[in-house]
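Q: In my numbering, the protein residues as written are 6 to 691. Note that CB positions come from ideal geometry on N, CA and C, so glycine has one too. First the structure, which I've put down as C-alpha cells, then a few questions once you've had a look.
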Ligand SMILES: [Zn+2]
C-alpha cells in the first residue's frame, strides 16, 4: 500500500518516497474523477447526502494526498522530490480547470440549492453550496456560449500578460548593476550589506563590490549609504524599472501591458455582470463595495496626514542639523530617518535576542492561548516527521477531546524554503461515514541552536511565530464539519489575516512578555528599560508608513473602479490625484513605481491591496476588547474563539465580527496602536 494514499490522521512522512508521488497523485486524481462521475449518474434527485457530502470527502482526500508532497517540496527539498512535485502540477491544474467548468456538477449543485432541502441544511452546508455556485459563476460557467468563449480568451490573455509583466520586472531588475572598486564609496553600509555586495561581485568574477536592484542590495544602500549621489542613482534605477523612464527607458517597458491588463479585467468583469473589476474583486471579500473601501482608506488618511507631515518635518529638521543644506528628496528620507531612529532609540534586535530563547517563547505562547481559549497543548512523541527537530503537538479541549494537531518546524535548513507560513494537512470533517480532526504544519526559519546555546529569536521572529500560530488556531479550533468552509477554508481574503495579526498583539504586552521572555542564561524576563524603548521605537514614523500604504491601496482601488474604456487607464494621472491627497513625500516626476507593482499587475492583490490595512484594523479593534477586559480575560477569549475561530468560512465575516464584538469594527484602535489619535479623542477646539 502506498503511504500517500493511506490517509490516516497524520501523514507517514518516514515512508514517503519520491517515486511514490507521481503514481499516487495520478491514481487519486483518477479515483476523484470516477467518484464525481458516479455521483452525477443520471436518474436521481441530488441532495446533500448523495452529492455534496461525498464531494467534500473526495476533495478532502485529494488534498490529503497532495498536501504532504507540497510540504516536503518546501521543507525537505531534493532533486527527486522537486521533480516529482513539478510533474504533478500540470495534472492538478488541469483537474482544477475541469472541475471549475464542469457543467454537470454545476447543474447538480444548483439543483440542490433550488430544492426544498436547501432550507433544512445547516449554515455551513448552505454556505459551502453558495461558495461553489459563486465560484462556478465567477469562472464564467453561466454565460451563453459566445460570451463564455470570449471570457476564456480573456482569462488566457490576462494570464499571459500578467506573467510577462512579472518577467519584465525580473529582467529589468537583473539588467542593472553597478560595480564599485573603492570601498569608500560604500561608506555607511553595514557589514552584512558589504558582504552581500562582495558576494555578488565574486559571482560575476569581478573584484570589489557589485550593487544590484534586488531588494536585499537596494534597501541597505537607500537606508545607509552616505554617498548621496549613489543613493539617487539607485533610487532612479529602482523606481523606473520596466518603464519608459530611467537608465533602461523603453526596454522591458510595461506601459502597454498595464493598459491592456486593466482593459481586459474591466471587460471580463462586465461580462459577468459587474460594473467594474473592483466590484468583481470584492464579490469574494469582506468589504462590501469599492466606495466602502475608499471611505475606509480616506478615514485612515484623515487621521494620519497631520502626523505624517509632522514626522516628515521632524526628519527634515534632523537632516538640517546633520548638515544637509538641500531639500530632502525621496532618496534622502530613508537615510536620515534611519539615522534619527538610531539616535533616538538605539535599539537593535540583537539586544533583545537573549531574552527570547525559542523554548521559552513557545511555552509562553502555549500558556497565552491555553488561558485565552481554554485548551490544553501537549507534545506527542514517537511521530514520524521529515526532520528530527520537528515537534508534534495535540490540542485538547477541557474534556480531553482532541481538537487538532500540529507539526512545529522552527529552524532554517539548507533544503527548506525561506519565510514562515502555516499550511494544512487535514481539515475538520464530520460526516455519517467519517470524522477527522484538523492537522496543521507551522513552519518558521529561525536560526537553529548552536553549541549548546539555544536558538535565540529576535522580537520580529517572536511576532512571526505568534502570527503563524494565529492562522494555525483558526484552522484547528474550528467546529465546522464541512471541510470547504471549515478552519481557514472559504474565509474571505481580506478577513483571513484577522486571527493571525490579532495574536501578534500579545507580543507587545508587558504581562504576556513575562511569559514569553526569559534570558537564556539568567532566566530574567525582559527588563522595563528595554521594554520602554521597544514600545517607543514601534511608533517611529508610523504615520508616514501609514500614508504610503494608503497611497498604494487607493490607487489600486481607483484604477480598477474608475476604469473607463473611452479614456484608457490614466494611471499616472490617477496616481497624481491620490498623491495630492495622501502623500507627504513628493516623488520625483520620473518615478514609475506602478510599472513594477507586481502585487496588483501580476499577483492576487488587484483591487485588494487595501486588505493589509483592513486586516490591521480588524485585529486592532478585536484586541481592544482585551485591552478593556484584560489581555488574559477568558470570557473575551472564549467569545473570540466561538464567534470567529470556530466558525471558519461558514458565515459572512462581517456577521461573525459583529457577533464577536457587538458592533462593526472602527479604526480607533489601530490609530492608537500606531501612535495616532483615535477619532473619539479628536475634539473640535483641540
Ligand atoms: Zn498571515
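1) Once the 5 residues before and after residue 661 are set aside, which same chain residues still bring their CB inside 7 Å of it?
2) Between the alpha carbons of residue 185 and residue 252, how many angstroms are there, rounded?
3) Kindly indicate which residue of 449, 77, 453 has the alpha-carbon position closest to the one of residue 470.
4) Return yes when the C-beta of residue 502 is under 6 Å from any heavy atom of ligand 1, and no when it is not.
5) Quick check on DSSP: helix, strand or coil for residue 671?
6) For residue 505, is the beta carbon positioned less than 6 Å from some heavy atom of ligand 1?
7) Could you tell me which of 576, 491, 502 sits nearest to residue 559, measuring between CA atoms?
8) Among all the DSSP beta bridges, which residues are the ones paired with residue 427?
9) On the DSSP bridge list, what partners appear for residue 384?
10) What residue from 38, 76, 620, 17 has the CA that sits closest to residue 102's CA?
11) Of the residues 318, 363, 667, which one's Cα is nearest the Cα of residue 521?
12) For the structure I just gave you, are there three or more beta carbon pairs, one from the segment 443-460 and one from the segment 475-485, closer than 8 Å?
13) Less than 7 Å between the C-beta atoms of residue 555 and residue 587, yes or no?
14) Taking DSSP's pairing of strands, which residues face residue 183 in a bridge?
15) To the nearest angstrom, report how far apart residue 296 and residue 497 are at their CA atoms.
16) What number of angstroms, rounded off, separates the C-alpha of residue 382 from the C-alpha of residue 375?
17) For residue 487 and residue 129, which I take to be in contact (beta-carbon distance under 8 Å), what is that distance rounded to the nearest angstrom?
18) Do you know how far the Cα of residue 244 is from the Cα of residue 594?
19) For the segment 470-529, list the alpha helix (DSSP H) runs that are entirely contained and at least 4 residues long, ordered along the chain.
20) By Cβ distance below 6 Å, which residues in the same chain neighbour residue 313 in space, the five residues on each side in sequence not counted?
21) Tell me, which residues are paired with residue 409 by DSSP?
22) With a threshold of 8 Å on Cβ separation, who are the neighbours of residue 256 within its own chain once the five nearest residues in sequence on each side are excluded?
23) Alpha helix (DSSP H) containing residue 140: first to last residue?
24) Taking the C-alpha atoms as reference points, what is the distance between residue 638 and residue 518?
25) What do you get for residue 324, buried or exposed, if any count of 16 or more other CB atoms within 10 angstroms of its CB means buried?
26) Contact between the segment 525-532 and the segment 497-511 is defined here as three or more beta-carbon pairs at a separation below 8 Å; is this criterion met?
27) Pull up the distance between the alpha-carbon of residue 182 and that of residue 247, whole angstroms please.
28) Should residue 631 and residue 641 be called a contact, given that it needs their Cβ atoms to be closer than 7 Å?
29) Once the 5 residues before and after residue 76 are set aside, which same chain residues still bring their CB inside 7 Å of it?
30) Once DSSP output is grouped into helix, strand and coil, what is the label at residue 20?
31) Going by C-alpha distance, which of 529, 399, 54 is nearest residue 387?
32) Closest to residue 149 by CA distance: which of 658, 564, 278, 597 is it?
33) One question on the structure: do residue 267 and residue 225 come within less than 7 Å of each other, judged by their Cβ atoms?
34) Is it buried or exposed, residue 198, if we count other Cβ atoms within 10 angstroms and call 16 or more buried?
35) Is DSSP giving residue 688 helix, strand or coil here?
A: Based on what the coordinates show:
1) The residue given as residue 661 occupies position 656 in the chain shown. Within the same chain, and ignoring the five residues on either side of residue 661 in sequence, the residues whose Cβ sits closer than 7 Å to its Cβ are 648, 649, 652.
2) The residue you call residue 185 lines up with position 180 of the chain shown. The residue you call residue 252 lines up with position 247 of the chain shown. Residue 252 has its alpha-carbon roughly 18 Å from the corresponding atom of residue 185.
3) For the purposes of this step, residue 470 is taken as the residue at position 465 of the chain shown. For residue 470, the closest of 449, 77, 453 by C-alpha to C-alpha distance is 449.
4) Within the chain shown, residue 502 is the residue found at index 497, counting from 1. Between ligand 1 and residue 502, a heavy atom-to-CB distance of less than 6 Å is present.
5) Working through the chain shown from its first residue, we reach residue 671 at position 666. Residue 671 falls in the coil class under three-state DSSP.
6) By 1-based counting over the chain shown, the position of residue 505 is 500. With a cutoff of 6 Å, residue 505 counts as near ligand 1, since its C-beta is closer than that to a heavy atom of the ligand.
7) Along the chain shown, read from residue 1 onward, the residue named residue 559 stands at position 554. Nearest C-alpha to residue 559: 576.
8) Within the chain shown, numbered from 1, the residue matching residue 427 stands at position 422. Beta-bridge partners assigned by DSSP to residue 427: 447.
9) Indexing the chain shown from 1 puts residue 384 at position 379. Per DSSP, 398.
10) As a working note, residue 102 is residue 97 in the chain shown. When each option's Cα is compared against that of residue 102, the closest is 38.
11) Within the chain shown, numbered from 1, the residue matching residue 521 stands at position 516. The residue with the shortest Cα to Cα distance from residue 521 is 363.
12) Contact holds: three or more Cβ-Cβ distances are below 8 Å.
13) One-based indexing of the chain shown puts residue 555 at position 550. One-based indexing of the chain shown puts residue 587 at position 582. Result yes, Cβ atoms of residue 555 and residue 587 sit closer than 7 Å.
14) Counting from 1 along the chain shown, the entry for residue 183 is found at position 178. Bridge partners of residue 183: 216.
15) Here residue 296 refers to the residue found at position 291 when the chain shown is read from its first residue. Here residue 497 refers to the residue found at position 492 when the chain shown is read from its first residue. Spanning the two alpha carbons is a distance of roughly 18 Å.
16) The residue labelled residue 382 in the question sits at position 377 within the chain shown. The residue labelled residue 375 in the question sits at position 370 within the chain shown. Approximately 7 Å between the Cα atoms of the pair.
17) The residue given as residue 487 occupies position 482 in the chain shown. The residue given as residue 129 occupies position 124 in the chain shown. In this structure, residue 487 and residue 129 form a Cβ contact; the two beta carbons are roughly 5 Å apart against a cut-off of 8 Å.
18) Looking up residue 594 in the chain shown gives position 589. Looking up residue 244 in the chain shown gives position 239. About 11 Å.
19) Fully contained in the segment 470-529 are the following alpha helix (DSSP H) runs of length 4 or more, in chain order: 503-509, 515-521.
20) Translated into the one-based positions of the chain shown, residue 313 becomes position 308. Cβ neighbours of residue 313 beyond the five flanking positions: 548, 549, 552, 589.
21) Numbered from 1 along the chain shown, position 404 holds the residue referred to as residue 409. Its beta-bridge partners are 400.
22) Counting from 1 along the chain shown, the entry for residue 256 is found at position 251. Closer than 8 Å at the Cβ level, and outside the excluded window around residue 256, lie 177, 180.
23) For the purposes of this step, residue 140 is identified with residue 135 of the chain shown, where counting begins at 1. Where residue 140 is concerned, the enclosing alpha helix (DSSP H) stretches over 128-143.
24) Position 633 of the chain shown holds residue 638. Position 513 of the chain shown holds residue 518. Cα-Cα distance, rounded: 16 Å.
25) In the chain shown, counting from the first residue as 1, residue 324 sits at position 319. For residue 324, the number of other beta carbons within 10 angstroms of its own is at least 16, and it is reported as buried.
26) Touching, no.
27) By 1-based counting over the chain shown, the position of residue 182 is 177. By 1-based counting over the chain shown, the position of residue 247 is 242. The C-alpha of residue 182 lies about 15 Å from the C-alpha of residue 247.
28) Counting from one through the chain shown, the residue named residue 631 turns up at place 626. Counting from one through the chain shown, the residue named residue 641 turns up at place 636. The Cβ-Cβ distance between residue 631 and residue 641 falls below 7 Å.
29) On the chain shown, position 71 is the one that residue 76 refers to. Hits under 7 Å: 428, 446.
30) By 1-based counting over the chain shown, the position of residue 20 is 15. Looking at residue 20 - three-state DSSP - the assignment turns out to be helix.
31) Reading the chain shown from its first residue, position 382 is the one you call residue 387. Cα-wise, what sits closest to residue 387 is 399.
32) By one-based count along the chain shown, residue 149 stands at place 144. In terms of CA proximity to residue 149, 278 leads the group 658, 564, 278, 597.
33) On the chain shown, position 262 is the one that residue 267 refers to. On the chain shown, position 220 is the one that residue 225 refers to. No, the Cβ-Cβ distance between residue 267 and residue 225 is not below 7 Å.
34) Counting from 1 along the chain shown, the entry for residue 198 is found at position 193. For residue 198, the number of other beta carbons within 10 angstroms of its own is at least 16, and it is reported as buried.
35) One-based indexing of the chain shown puts residue 688 at position 683. The predicted model places residue 688 with a pLDDT of 42, which falls under 50 and marks its position as unreliable, so this point remains unresolved.
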